[in-house]
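K.L.:
Please read through the structure below; I'll follow up with questions.
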Amino acid sequence: MRLSQLFFTTLRDDPSDAEMPSHRLLTRAGYVRQLGAGLYSLLPLGFRVTQRVEQVIREEINAIGGQEMEMPVNHPADLWRESGRYDAIGNEMVRFKDRAGRDMVIAMTHEEVVADLLRDIVKSYRQLPLIVYHFQTKFRDEPRSRGGLIRVREFVMKDSYSCDRDEAGLDAAYWAHHGAYTRIFERLGLDAIPVSSDVGMMGGSLAHEFMVLNPYGEDRLVLCEACGYAANQQVAPTTAPEPPADDELPVEEVATPDTTTIDALARFLGIDASRTAKAAFFVTGDGRFVVAIVRGDYDVNETKLVNAIKATGGLRPAQVEEITARGMQPGYGSPIGARDAVVVVDSLAARSRNLVAGANKPGVHLRNVNVPRDYTPDVITDIASVREGDPCPQCGGTVILRNGIEVGNIFKLGTKYTEALGAEYLGEDGERHPIVMGSYGIGLGRNVACVVEAHHDDKGIAWPAEVAPYAAHLVALGGNRDPHVVEVADRLHDAAKAAGDRHEILYDDRDESPGVKFTDAELLGMPWILTVSPRSLAAGGVEVTNRATGEKQVRAVDDVEAFLTGRVPTPA
RNA sequence: CGGGGCGUGGCGCAACGGUGGCGCACGUGCUUUGGGAGCACGAGGCUGUGGGUUCGAAUCCCACCGCCCCGACCA
883 MRLSQLFFTT LRDDPSDAEM PSHRLLTRAG YVRQLGAGLY SLLPLGFRVT
933 QRVEQVIREE INAIGGQEME MPVNHPADLW RESGRYDAIG NEMVRFKDRA
983 GRDMVIAMTH EEVVADLLRD IVKSYRQLPL IVYHFQTKFR DEPRSRGGLI
1033 RVREFVMKDS YSCDRDEAGL DAAYWAHHGA YTRIFERLGL DAIPVSSDVG
1083 MMGGSLAHEF MVLNPYGEDR LVLCEACGYA ANQQVAPTTA PEPPADDELP
1133 VEEVATPDTT TIDALARFLG IDASRTAKAA FFVTGDGRFV VAIVRGDYDV
1183 NETKLVNAIK ATGGLRPAQV EEITARGMQP GYGSPIGARD AVVVVDSLAA
1233 RSRNLVAGAN KPGVHLRNVN VPRDYTPDVI TDIASVREGD PCPQCGGTVI
1283 LRNGIEVGNI FKLGTKYTEA LGAEYLGEDG ERHPIVMGSY GIGLGRNVAC
1333 VVEAHHDDKG IAWPAEVAPY AAHLVALGGN RDPHVVEVAD RLHDAAKAAG
1383 DRHEILYDDR DESPGVKFTD AELLGMPWIL TVSPRSLAAG GVEVTNRATG
1433 EKQVRAVDDV EAFLTGRVPT PA
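Here the first sequence stands for residues 883 to 1454, where the numbers follow the working numbering.
Printed below as a string of structure tokens:
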């Protein structure tokens, strides 16, 4: 591809609204352009990278038996009513009516369509197992997109679906995907860590997210360097040391003016935060009022809380009036004297003796509050978030917390969708059984951005060869003084092109100064930069630079051509 | 949806009550050609939209729209 013809432009200055390196560089180098919040155009270079990523995924999913297909973006709403998600999902799903007035949705994912196809097509156990997948546009009207391509509203996702006779089949398909994902991310040059994760609104029994560590990541990960334990903080169990088994002392009021936070309270009383009980107030999507109690040195983990009380529709923070209406006082709250509230107490807080808790009166706390002597929990379970430095739940070592970006996920769905839609098969036993499903996603654009996050320097991008949009970047200098330069450059460009799409190179044939050409080559990030000039020819051929390492050497034109056409693996 | 910030040629910025400028990019010509070259000439803007204050608004006020960041949310 001749650079003089390519639909792109590079920018000298960083776009003012880009913070992440991937966003900055992909925009500056002419790979993407933003259309609106969470909406990006892929320019030809960006599209080629995405196709490379797509091809890696395709090869690995095919290798575990996946069959590629394509399902629609727009669905009849009735299908989503059958699964119950039409009402369960909030306004991140776009709904509209078609010209006939039929309710429609823009798909966020495709479990319903797959289940609908299964009930139509699969009749017998002989037709299972199956893995089907597609690359398809999703639209999710995120309340807030961010980080360039990291969190967008419209994106292409590889979503695959395993369809099995039973739990054992699902287990095999699940771990087959786990292996395929491991190979995919390795080929993309990403250090992705599988972490156990919440199943969220997908439902199901087991889920992993593949995470790459990144300071801009939206997820908090609990990691143990000693044993390799890795989990999303949303689900990582807390394992604090057992609190002392002190005798229960009598409750007493203590005046604590202006201590509406745990910090202020602990400082005022001169005690450690672990000697206090923290109350948080929520309302569930199904209208229940919840008081959550954790020890003062921990935070409430909303995911665990949602799961503990099966809060359909999630949680929102309670308003002040909702709290006081139930006999509690924000800032000085506890379940003592609470009415019409579901009381959920963290197991560690429940085991800790003689905590300081709110008295539900402004400026007053209670010493020596104990569960269940002083109030009755509805649920006692783990609802606290693991902190950095806590013991590892697996080996007892010390965990660290890091931010991560989710580059892929795998879910055991079970029969949630097939039962709802009646997707059954006739078994060997002559009985009808629901088909057992799994669902597995990888977002393309986010992976492209993560590759840049992992492979760049202060000059620009340095693509791994597997995903580079072009195999090399040919810089021709002094062509107007020396026709031999043009002759050699043209020959290399044509030979690479003739060797096939994977071998094609970018050829900077523009009438630009050497500085501009080198700077752009480093910004664009092809794995090899080939310089042809009177000087390089005098030195014996073509200067070959490894973009990632900066190593340079001059190679004979024939050697370079052998590399570009795939006859030898590397130019060096 | 709450909090904060910002909307001025393609990009980055200035002008902060008195007829909108700079750098880069862009076009033409000449010179230049191994690290974002030089000179000359030139093109490009209802200052996001609407209202208000004022003799006069890019500038002050109000509303709306858009974008970014933090939080809420996140299959």
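Using N, Cα and C, we set each Cβ at its ideal position, and we do this for glycine too. These numbers were taken from a predicted model, which means no experiment stands behind them.
Compute the beta-carbon to beta-carbon distance between proline 1259 and valine 1227, rounded to the nearest angstrom, for a pair I have assumed lies under 8 Å.
P.N.:
The Cβ separation is near 4 Å, so the contact holds.
K.L.:
Alpha carbon to alpha carbon, how far is proline 1254 from valine 1176?
P.N.:
In a straight line, the C-alpha of proline 1254 is about 14 Å away from that of valine 1176.
K.L.:
Rounded to whole angstroms, what is the Cα-Cα separation between isoleucine 1343 and histidine 1385?
P.N.:
Isoleucine 1343 and histidine 1385: Cα-Cα distance of roughly 19 Å.
K.L.:
Whose CA, out of Leu1356, Tyr1043, Asn956, Val1334, lies closest to the CA of valine 914?
P.N.:
The shortest Cα separation from valine 914 among Leu1356, Tyr1043, Asn956, Val1334 belongs to Val1334.
K.L.:
Can you tell which of Ala911, Thr892, Ala1162, Asp1390 has its C-alpha closest to the C-alpha of histidine 1338?
P.N.:
Looking at the Cα atoms, Ala911 is the closest of the given residues.
K.L.:
Report back the beta-carbon spacing between valine 1238 and arginine 1157 to the nearest angstrom; my notes put them in contact at under 8 Å.
P.N.:
Indeed they touch by this definition, with Cβ atoms about 6 Å apart.
K.L.:
Identify, in the order they occur along the chain, each residue of the same chain with its Cβ nearer than 8 Å to the Cβ of valine 976, setting aside the five sequence neighbours on each side.
P.N.:
So the qualifying residues of the chain are Val987, Ile988, Phe1021, Asp1023.
K.L.:
How many angstroms separate the CA atom of valine 1281 from the CA atom of proline 1123?
P.N.:
Cα-Cα distance, rounded: 14 Å.
K.L.:
For phenylalanine 1150 and glycine 1099, I'd like the C-alpha separation in whole angstroms.
P.N.:
C-alpha separation (whole angstroms): 36 Å.
K.L.:
Please state whether the Cβ-Cβ distance between threonine 932 and leucine 1326 is less than 9 Å.
P.N.:
Yes.
K.L.:
Using the DSSP secondary-structure output, state which residues sit across from serine 1078 in a beta bridge.
P.N.:
According to DSSP, serine 1078 bridges with His1090, Ala1113.
K.L.:
Would you check if the distance between the CB atom of tyrosine 1299 and the CB atom of histidine 1059 is smaller than 9 Å?
P.N.:
No. Outside cutoff.
K.L.:
Run through DSSP, which three-state label would proline 1416 get?
P.N.:
Looking at proline 1416 - three-state DSSP - the assignment turns out to be helix.
K.L.:
Taking the Cβ atom as the reference point for each residue, do phenylalanine 1067 and valine 1398 lie within a distance shorter than 9 Å?
P.N.:
No.
K.L.:
Between methionine 902 and arginine 1249, what straight-line distance do the alpha-carbon atoms span, to the nearest angstrom?
P.N.:
Those two C-alpha atoms are separated by around 48 Å.
K.L.:
Going by alpha carbons, who is nearest to serine 1216 out of Leu917, Gly1448, Ile1144?
P.N.:
With distances taken between Cα atoms, serine 1216 lies closest to Ile1144.
K.L.:
Quick check on this structure: which residue in Asp1340, Gly1309, Ser1267, Arg1328 has the alpha carbon closest to the alpha carbon of arginine 854?
P.N.:
Nothing can be reported for residue 854, as the shown portion of the chain is limited to 883 through 1454.
K.L.:
Leaving out the 5 sequence neighbours to the left and right, which residues in its chain are closer than 8 Å to glycine 1071 when beta-carbon positions are compared?
P.N.:
So the qualifying residues of the chain are Val1333, Ala1336, His1337, Pro1346, Glu1348, Val1349.
K.L.:
For glycine 1178, which residues in the same chain have their Cβ closer than 6 Å to its Cβ, ignoring the five residues on either side in sequence?
P.N.:
The residues are Ile1144, Ala1155, Thr1158, Lys1160.
K.L.:
Quick check: cysteine 1045 and leucine 1000, are their CB atoms within less than 9 Å of each other?
P.N.:
Their beta carbons are under 9 Å apart, which means cysteine 1045 touches leucine 1000 by this criterion.
K.L.:
Quick check on the DSSP output: the alpha helix (DSSP H) that includes glutamate 1203 runs from which residue to which?
P.N.:
Where glutamate 1203 is concerned, the enclosing alpha helix (DSSP H) stretches over 1202-1206.
K.L.:
What residue range is occupied by the uninterrupted beta strand (DSSP E) comprising glutamine 1435?
P.N.:
From DSSP, the beta strand (DSSP E) with glutamine 1435 extends over 1434-1437.
K.L.:
Could you tell me which residues DSSP puts in a beta bridge with isoleucine 1324?
P.N.:
Per DSSP, Lys1040.
K.L.:
Helix or strand or just coil, what does DSSP make of threonine 1280?
P.N.:
Strand at threonine 1280.
K.L.:
List the residues that DSSP assigns as beta-bridge partners of tyrosine 1015.
P.N.:
Looking at the DSSP assignment, tyrosine 1015 forms a beta bridge with Glu950, Ser1042.
K.L.:
Around the Cβ of phenylalanine 1092, are there at least 16 other Cβ atoms within 10 angstroms (buried) or fewer (exposed)?
P.N.:
Result: buried.
K.L.:
Give the DSSP-derived three-state secondary structure of asparagine 1189 in the structure shown.
P.N.:
Residue state, collapsed to three classes: helix.
K.L.:
Can you look up asparagine 1242 in the DSSP assignment and give me helix, strand or coil?
P.N.:
Of the three classes helix, strand and coil, the one that applies to asparagine 1242 here is strand, per DSSP.
K.L.:
Taking buried to mean at least 16 other C-beta atoms within 10 Å of its own C-beta, is threonine 891 buried or exposed?
P.N.:
Flag for threonine 891 reads exposed.
K.L.:
Would you grab the beta carbon distance between tyrosine 1015 and arginine 1047 for me? Rounded to a whole angstrom, and I think it's under 8 Å.
P.N.:
With 8 Å as the limit, tyrosine 1015 and arginine 1047 do not qualify as a contact, their Cβ atoms being about 19 Å apart.
K.L.:
Per DSSP, which one or two residues make a beta bridge with alanine 1162?
P.N.:
DSSP, once it has assigned bridges, lists Ala1174 as partnering alanine 1162.
K.L.:
May I ask you to verify whether the segment 1110-1124 touches the segment 1311-1322, counting CB pairs closer than 8 Å and requiring at least 3?
P.N.:
Contact fails: fewer than three Cβ-Cβ distances are below 8 Å.
K.L.:
Starting from proline 903, trace the alpha helix (DSSP H) in both directions and tell me its first and last residue.
P.N.:
Residues 903-910.
K.L.:
Helix, strand or coil: which one does DSSP assign to glycine 1465?
P.N.:
Look at the range of the chain in this structure, 883 to 1454, and you will see that residue 1465 is not part of it.
K.L.:
Of the choices Tyr1307, Thr1401, Ala1444, whose alpha-carbon is the least far from that of leucine 1010?
P.N.:
With distances taken between Cα atoms, leucine 1010 lies closest to Tyr1307.
K.L.:
Classify leucine 1151 as helix, strand or coil using the three-state DSSP reduction.
P.N.:
In the structure shown, leucine 1151 sits in a helix (DSSP, three-state: H, G or I).
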